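S.K.: I'd like to ask some things about the structure below.
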Amino acid sequence: MSNAPRLTALDALHRSLGATMTDFAGWDMPLRYASERDEHNAVRTQAGLFDLSHMGEITVTGPQAVDLLNYALVGNIGSVSAGRARYTMICQEDGGILDDLIVYRLADTEYMVVANAGNAQVVLDALTARADGFDAVVRDDRDAYALIAVQGPESPGILKSVTAADLDGLKYYAGLPGTVAGVPALIARTGYTGEDGFELFVAPGDAEKLWQALTEAGAPVGLIPCGLSCRDTLRLEAGMPLYGHELTTALTPFDAGLGRVVKFEKTSHGDDFVGHDALAAAAAKAETAPPRKLVGLIAEGRRVPRAGYPVVDADGTVIGEVTSGAPSPTLGKPIAMAYVDAAHAAPGTAGVGVDIRGKAEPYEVVALPFYKRQK
Amino acid sequence: MSNPQQLRYSKEHEWLSVAEDGVSTVGITEHAANALGDVVFVQLPEVGDTVTAGETCGELESTKSVSDLYSPVTGEIVEANQDAVDDPSLVNSAPFEGGWLFKVRITEEPKDLLSADEYTEFSGS
């Protein structure tokens, strides 16, 4: 097996645009095209265009597809109607998070599971193993799709100009098949930026045509190509977790403050699912003896917290750890997400700091998210 | 991009101007600024500080990372660029001009610095 990074269908285009590329989960992806701050601000105020073809698509079909997903995942997939999507997780038997996922119900007995690039193989293997005994087929569709996202307040207008699909009828966390710029696409109203936006799953051979059409349609209203660097600051401001940072196999969804994604009562396949007992115990523990909480931190100074930096109290005692940190273009200050001992996790807790390379810098504890769009 | 011919360069990607009255200006190269991405915070040595060639004397934070700032020369700081502290984007937009970082009175003849052509070859850009 080659160690060379995988290239998306848009690789040549990114290079012609002068992108700075980066290795991400084995893929060579655009980090930024010019200024990541300009790209971030374009998504907040106008629109940005992303190549997300590294995401891992897995199709699950068959009469018992929904039963398999209810057994394999922590959510109640039985309550997702055709044309809708659900944010969910796949856990180990011990409750540890293997990945966070979006599941799209494409048809009555057809679902598309979208996994993080770095976890796609793990998710595929787990779904395949868990499918044993179910009348369902798990198919690796990673090579079947390119994924292009258009995100930002101008994105509905941009997309409308290149598709006849009913976007007004397409709600947040819904998806429908359609044609965009002459290209067959699954049009989903999902994203990872905290803005309105769309994710378009298309055949790799159609990706360049779609990218060019969206670029032309969006240019007059300020759409620019955007890399993974601004995607990270956008999701951080929106308080969205990133696998490997806020989510790991060492944490349950309850530890991550996302216990709401776990449904102990499911509308098919009884209530048994992988991780059930461990997660029931985690839910009880979260009620009585809360573990560290995921909080937001806003810097009073200008030095930027990074993943792994200790969170400290006024005495310098370690009370937590930063999981993600970056300068926030929207707030104009450094921000972070961190797991902090429950006693120090309330918004406004005094004396909380981050040890930035040996010096404690003062931080304000806030509830997530840092940014919420005006609807 | 092109690296100005009249400057000298360190392998830590700083540039050093020709000394006038024993004082040289120091900044980071365009290659380094591009590699960092948007610089959001600049911490510089203070006037009167002594800096040593090849040793850290400050830091530059960008969206994705923090990098140490190395002095390319030994000497005493006579000025720090407050404009770059107030607006770190100057380091990206004008690394060889308005984004300069500090001025240093040289106390030891600089060694191991590269010419513009040598630095271009070393950095690959």
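Those protein sequences? They're chains D and Z, same order as listed. Under the numbering used here, read the first sequence as residues 58 to 432, first letter to last. Under the numbering used here, read the second sequence as residues 1196 to 1320, first letter to last. Just so it is clear, CB atoms sit at the ideal spot from N, CA and C, and this is done for glycine as well. If you're wondering where the values come from, they're calculated on a predicted model, not measured in any experiment.
(1) Looking at residue 267 of chain D and residue 238 of chain D, is the spacing between their C-beta atoms short of 8 angstroms?
(2) Determine the contact status of residue 265 of chain D and residue 198 of chain D, defining contact as a CB-CB distance below 8 angstroms.
(3) Would you say residue 158 of chain D and residue 171 of chain D are within 8 angstroms of each other, going by their C-beta atoms?
(4) Go through its chain and collect everything with a Cβ distance to residue 1293 of chain Z's Cβ below 6 angstroms, but skip five positions before and after it.
(5) Whole angstroms is fine: what's the gap from residue 411 of chain D's alpha carbon to residue 1313 of chain Z's?
(6) Contact defined as beta carbons within less than 8 angstroms: I believe residue 88 of chain D pairs with residue 286 of chain D. What is the distance between those atoms, to the nearest angstrom?
(7) Looking at residue 174 of chain D and residue 112 of chain D, is the spacing between their C-beta atoms short of 8 angstroms?
(8) Please list, in chain order, the residues of the segment 1210–1238 of chain Z that have any C-beta partner in chain D closer than 7 angstroms.
(9) Would residue 1261 of chain Z pass as an interface residue toward chain D - the criterion being a Cβ-Cβ separation below 8 angstroms?
(10) What's the C-alpha gap between residue 339 of chain D and residue 305 of chain D?
(11) Check whether the Cβ of residue 1251 of chain Z lies closer than 8 angstroms to any Cβ atom in chain D.
(12) Would you say residue 357 of chain D faces chain Z, with C-beta separation under 8 angstroms as the test?
(13) Please report the distance separating the alpha-carbon of residue 429 of chain D from that of residue 251 of chain D.
(14) If we call anything under 8 angstroms between Cβ atoms a contact, is residue 1318 of chain Z one with residue 1203 of chain Z?
(15) Ignore the nearest five residues each way along the sequence and tell me which others in residue 1201 of chain Z's own chain have a CB closer than 7 angstroms to its CB.
(16) Nearest to residue 81 of chain D by CA position, among D:300, D:139 and D:311, is which residue?
(17) Should residue 329 of chain D go down as buried or exposed, given a rule of 16 or more other Cβ atoms within 10 Å for buried?
(18) Using beta carbons (cut-off 8 angstroms, strictly below), is residue 1241 of chain Z in contact with chain D?
(19) To the nearest angstrom, how far is the alpha carbon of residue 58 of chain D from that of residue 68 of chain D?
(20) Quick one: does residue 434 of chain D have its CB under 8 angstroms from some CB of chain Z?
(21) Ignore the nearest five residues each way along the sequence and tell me which others in residue 1198 of chain Z's own chain have a CB closer than 6 angstroms to its CB.
(22) Does the Cβ of residue 102 of chain D have 16 or more other Cβ atoms within 10 Å, making it buried, or fewer, making it exposed?
(23) Just how far apart, CA to CA, sit residue 1308 of chain Z and residue 1223 of chain Z?
(24) In the DSSP assignment, the beta strand (DSSP E) including residue 416 of chain D goes from what residue to what residue?
(25) In chain order, what residues of the same chain have a beta carbon less than 7 angstroms from the beta carbon of residue 166 of chain D, not counting five sequence neighbours either side?
(26) Compare the C-beta of residue 241 of chain D against all C-beta atoms of chain Z and say whether one is closer than 8 angstroms.
(27) So, does the CB of residue 141 of chain D fall closer than 8 angstroms to a CB anywhere in chain Z?
(28) Given residue 1207 of chain Z, which residues of its chain have a CB within under 6 angstroms of its CB, disregarding the five upstream and five downstream residues?
(29) Give me the Cα-Cα distance between residue 1228 of chain Z and residue 1287 of chain Z, rounded to the nearest whole angstrom.
(30) Does residue 104 of chain D pass the burial test, meaning 16 or more other C-beta atoms within 10 Å, or should it be called exposed?
(31) Compare the C-alpha of residue 322 of chain D against each of D:107, D:116, D:75 and D:124 and name the closest.
(32) Which chain D residues are close to residue 1256 of chain Z, counting only those with a beta carbon under 9 angstroms from its beta carbon?
(33) What residues from chain Z crowd round residue 93 of chain D, counting only those whose CB sits closer than 7 angstroms?
(34) Would you list, in sequence order, the uninterrupted beta strand (DSSP E) runs of no fewer than 3 residues that lie entirely inside the segment 223–256 of chain D?
(35) Could you list which residues in chain Z have their beta carbon closer than 7 angstroms to that of residue 292 of chain D, in chain order?
(36) Please give the ranges of any beta strand (DSSP E) in the segment 270–311 of chain D, keeping only runs that are unbroken, at least 3 residues long and fully inside the region.
M.R.: Quick answer:
(1) yes
(2) no
(3) yes
(4) 1285
(5) 41 angstroms
(6) 5 angstroms
(7) yes
(8) 1232, 1233, 1235 and 1236
(9) yes
(10) 15 angstroms
(11) no
(12) no
(13) 7 angstroms
(14) no
(15) 1213
(16) D:300
(17) exposed
(18) no
(19) Annotation note: pLDDT 48 at residue 58 of chain D (below 50); position unreliable, no value reported.
(20) Because residue 434 of chain D is not part of the residues shown, which for chain D are 58 to 432, the question remains open.
(21) 1311, 1314 and 1315
(22) exposed
(23) 14 angstroms
(24) 416–423
(25) 118, 119, 120 and 122
(26) no
(27) no
(28) 1265
(29) 5 angstroms
(30) buried
(31) D:124
(32) 359, 360, 361, 384 and 391
(33) 1232, 1233 and 1258
(34) 232–237 and 240–245
(35) In chain order: nothing, as chain Z lies at least about 13 angstroms away.
(36) none
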